[in-house]
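Chains as they are written, first to last, in the working numbering: chain F, 837 to 1186; chain W, 187 to 447.
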């Protein structure tokens, strides 16, 4: 049962199994374990990024494709739903239409980019994706009539997903189950389903071909696999998954703007999460997303507390001042790459 | 040499130029079913390049390749493999971080056209795994099936290269120095296999080989390439006696030395 659900791709390490179960339970029970808006927001962001980072791992870790356009596809999914909800506030039909349109645009664009540039060298493909993503970001901020420009779009989601909605009259385990929590579970279960779907894809005969292409594209061709076709399909799949992650983020934040979906900053974050977690494992995407987003959201607060506690000492309070949080995040990254070149999951599976 | 049966594979004036250098120069040759043709010649004669033109790793500058009378000159390597031209490489060319079994299983999977199945579990396609194991058994590799390909000793990697080729189940099998760098006691395993394929009489085998004793024992026919051109073609005893062959090839040191590179 669990074997089928995980497509036979078990964590293969006791520590990793424990970590994965902890992540799953932590996210599944987040509204009850960690009440509060901020904690729930962090949990939802983690869910979305697990999908987003895993879909990037499909490209980078499994197929060996370096793309910088992943946030573009993420943005297309988010904007699809945002634009539709902007026109038809609070409507489920708008969400349906937005998902369909976002998916179609993202996959079609990915297939076109793939067919035109995946037959050439990897570096060239990376440059093309960077150029297309930059162009798209400018386009999104210029077409303000459609996208809200730099300000982005703020819209109303169906009432069931808003705090005004109450699922039960009474509290459940001391928590009022409102639309916010319904929204969270929508994100959580969608993310879980998408993650398991990707786990299935990488363990399918198709997924095995992707790994073969990553290992030795020349040999894969000689075996009869047309690498351009496989790479292009993988690119389309990754883009579709990223767009769905964007949809979830749009439904959670009720706001979509260029900085929260299209920025290259997020692209770098995705890259860091894949590398820290461990490329080509999918579990690494989950571990990387959890660590990175927790660090991003709570490192500053922790450092502020530490800085105050150590107020009397020379120099040290300055080093742990909240303003230095990026420095510490950088150090964390360098240490993790230095000590775990195959990522945390690669290390745990040794 | 007229045979009633049309050739399986034929090259006509097959040529490739790299800048001013003509690496394969108007080579015309037909290969019959059930035969084993050895392609010999000194290093740099264009043997591997000729192979690359036939199996589609390189595009021809001029001339044609036909398989069962159908021109395949413009097709890429994957399409040619699907149509029945299988190739083992001179420099071991595997999926280094995948298991030995997975290397062969991928070939079986390609043969079965199962690559575009996205939603089933590869590990549950037992018939593919069984077929992979069958070819591993034939090449004496079954007990190493779970090892990572890169960790195999050189001789076993050469065997795996052959196992992968067999698993493709193509009509044409091309071996590019299959025993290069193998220890003396490992060579017979590979030679037995090639002998078996030849005895099958449904396959067309092309073999690039430096060891003249191997060529002599296996080949029905030898063609000699020199500076990219076909300079001799005939049964082994005849070809080996030719002056041009002695000068071009045998003179460089015969007696089974493995001068690859």
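Positions of the beta carbon are idealized from the N, C-alpha and C atoms, including for glycine.
What are the boundary residues of the beta strand (DSSP E) that residue 202/W is part of? Mapped onto the second chain, residue 202/W falls at position 16. 195–204 is the span of the beta strand (DSSP E), which, as asked, contains residue 202/W.
Listed from N- to C-terminal order along the chain, which residues in the region 271–301 of chain W have their beta-carbon within a distance smaller than 8 Å of any beta-carbon of chain F? 273, 275, 279, 280, 281, 282, 283, 284, 288, 291, 292, 293, 295, 296, 297, 300 and 301
If you draw a straight line from the alpha carbon of residue 447/W to that of residue 1044/F, how long is it in whole angstroms? To locate residue 447/W, count along the second chain from 1; it is residue 261. To locate residue 1044/F, count along the first chain from 1; it is residue 208. At residue 447/W the pLDDT is 36, less than 50, meaning the model places this residue with poor confidence; the figure from the coordinates comes in the next sentence. Distance between the alpha carbons of residue 447/W and residue 1044/F: 32 Å.
If you reduce the DSSP assignment to three classes, tell me which class residue 1091/F lands in. Translated into the one-based positions of the first chain, residue 1091/F becomes position 255. Strand.
Would DSSP call residue 308/W helix, strand or coil? As a position in the second chain, residue 308/W is number 122, starting the count at 1. Helix.
When you compare the CB of residue 1047/F with every CB in chain W, is at least one pair closer than 8 Å? What you label residue 1047/F is simply residue 211 of the first chain in a count that begins at 1. Yes, its Cβ sits closer than 8 Å to a Cβ of chain W.
Could you tell me whether the Cβ of residue 1133/F comes closer than 8 Å to any Cβ of chain W? Your numbering for residue 1133/F matches position 297 in the first chain. False, the Cβ-Cβ gap to chain W never drops below 8 Å.
Residue 843/F touches chain W at which residues, Cβ-Cβ below 7 Å? Against the first chain, residue 843/F aligns to sequence position 7. In chain order: 307.
Let me check understanding here. Comparing Cα to Cα, which of 392/W, 370/W and 299/W lies closest to residue 357/W? Numbered from its first residue, the second chain carries residue 357/W at position 171. The candidate whose alpha carbon is nearest that of residue 357/W is 392/W.
Would you kindly work out how many angstroms separate the C-alpha atoms of residue 440/W and residue 1033/F, rounded to a whole number? Position 254 of the second chain, counted from the first residue, corresponds to residue 440/W. Position 197 of the first chain, counted from the first residue, corresponds to residue 1033/F. Legend: pLDDT at residue 440/W = 40, less than 50; position of this residue unreliable, value from coordinates given subsequently. If I take the Cα positions, the gap works out to 59 Å.
How is residue 217/W classed by DSSP in three states: helix, strand or coil? As a working mapping, residue 217/W is identified with position 31 in the second chain. DSSP places residue 217/W in strand when its eight states are reduced to three.
According to DSSP, simplified to helix, strand and coil, what is residue 404/W? Looking up residue 404/W in the second chain gives position 218. Three-state DSSP puts residue 404/W in a helix.
Assign residue 421/W to one of three DSSP states: helix, strand, or coil. Walking along the second chain from the start, residue 421/W turns up at place 235. Here residue 421/W sits in coil by DSSP.
Name the chain W residues that come within less than 7 Å of residue 1055/F, Cβ to Cβ? Here residue 1055/F corresponds to residue number 219 of the first chain, with the count starting at 1. Neighbours of residue 1055/F on chain W, chain order: 279, 280 and 281.
Is the Cβ-Cβ distance between residue 875/F and residue 864/F less than 8 Å? Here residue 875/F corresponds to residue number 39 of the first chain, with the count starting at 1. Here residue 864/F corresponds to residue number 28 of the first chain, with the count starting at 1. No; because the gap between Cβ atoms is not below 8 Å, this pair is not in contact.
Considering residue 953/F, what are the terminal residues of the alpha helix (DSSP H) in which it resides? For the purposes of this step, residue 953/F is identified with residue 117 of the first chain, where counting begins at 1. From DSSP, the alpha helix (DSSP H) with residue 953/F extends over 928–953.
State the start and end residues of the unbroken alpha helix (DSSP H) segment that holds residue 923/F. Here residue 923/F corresponds to residue number 87 of the first chain, with the count starting at 1. Taken as a continuous stretch (DSSP letters only), the alpha helix (DSSP H) holding residue 923/F covers 906–923.
Per DSSP, residue 256/W is paired with what? Numbered from its first residue, the second chain carries residue 256/W at position 70. According to DSSP, which records beta bridges pairwise, residue 256/W is partnered with 253/W.
Say whether chain F places a C-beta atom closer than 8 Å to the C-beta of residue 212/W. Numbered from 1 along the second chain, position 26 holds the residue referred to as residue 212/W. It does not: the Cβ of residue 212/W has no partner Cβ on chain F nearer than 8 Å.
For a contact meaning CB atoms closer than 9 Å, what does residue 235/W contact in chain F? Within the second chain, residue 235/W is the residue found at index 49, counting from 1. Within chain F, no residue comes near residue 235/W; the closest Cβ sits about 15 Å away, beyond 9 Å.
Taking three-plus beta-carbon pairs below 8 Å as touching, is the region 283–300 of chain W in contact with the region 205–225 of chain W? no
Please classify residue 342/W as buried or exposed, where buried requires at least 16 other C-beta atoms within 10 Å of its C-beta. On the second chain, residue 342/W is found 156 positions in, with the first residue counted as 1. Answer is buried; the Cβ neighbour count reaches 16.
contact_flag[the region 934–950 of chain F, the region 989–1003 of chain F] where n(CB pairs < 8 Å) is 3 or more: no
Where residue 449/W meets chain F, residues with beta-carbon distance less than 9 Å: In the structure displayed, chain W extends from 187 to 447; residue 449/W sits before or after that span and is not available.
Have a look at 963/F, 923/F and 1134/F and flag the residue whose alpha-carbon is nearest the alpha-carbon of residue 981/F. Reading the first chain from its first residue, position 145 is the one you call residue 981/F. Looking at the Cα atoms, 923/F is the closest of the given residues.
C-beta neighbour in chain F for residue 245/W, strict 8 Å: Mapped onto the second chain, residue 245/W falls at position 59. No - not a single Cβ of chain F is within 8 Å of the one on residue 245/W.
What does DSSP give as the partner residue(s) for residue 391/W in the beta ladder? On the second chain, residue 391/W is found 205 positions in, with the first residue counted as 1. Residue 391/W is bridged to 222/W and 359/W.
Whole angstroms is fine: what's the gap from residue 337/W's alpha carbon to residue 217/W's? Working through the second chain from its first residue, we reach residue 337/W at position 151. Working through the second chain from its first residue, we reach residue 217/W at position 31. So the alpha carbons of these two residues sit roughly 37 Å apart.
Please say whether residue 996/F and residue 868/F have beta carbons closer to each other than 8 Å? Locating residue 868/F in the first chain gives position 32, where the first residue counts as 1. Locating residue 996/F in the first chain gives position 160, where the first residue counts as 1. Contact: no.
Distance between residue 1136/F and residue 1093/F (C-alpha atoms, nearest Å): The residue given as residue 1093/F occupies position 257 in the first chain. The residue given as residue 1136/F occupies position 300 in the first chain. C-alpha separation (whole angstroms): 24 Å.
Using a Cβ-Cβ cut-off of 6 Å (strictly less than) and excluding sequence neighbours within five positions of residue 361/W, which residues of its own chain qualify? The sequence position of residue 361/W within the second chain is 175, counting from 1. Excluding sequence neighbours, residue 361/W sits near 274 and 393.
Tell me where the alpha helix (DSSP H) around residue 273/W begins and ends. Stepping through the second chain from its first residue, residue 273/W is reached at position 87. Here residue 273/W belongs to no alpha helix (DSSP H); instead the beta strand (DSSP E) covers 271–274.
Residue from 252/W, 377/W and 416/W with nearest C-alpha to residue 325/W: Here residue 325/W is taken as the residue at index 139 of the second chain, counted from 1. Minimum Cα distance to residue 325/W is reached at 377/W.
Own chain residues within Cβ distance below 7 Å of residue 1177/F, not counting five before or after: The count along the first chain starts at 1 and reaches residue 1177/F at position 341. Around residue 1177/F: no qualifying Cβ.
Determine the DSSP secondary structure at residue 983/F, reduced to helix, strand or coil. Reading the first chain from its first residue, position 147 is the one you call residue 983/F. Residue state, collapsed to three classes: helix.
Around the Cβ of residue 1089/F, are there at least 16 other Cβ atoms within 10 angstroms (buried) or fewer (exposed)? In the first chain, counting from the first residue as 1, residue 1089/F sits at position 253. That one is buried.
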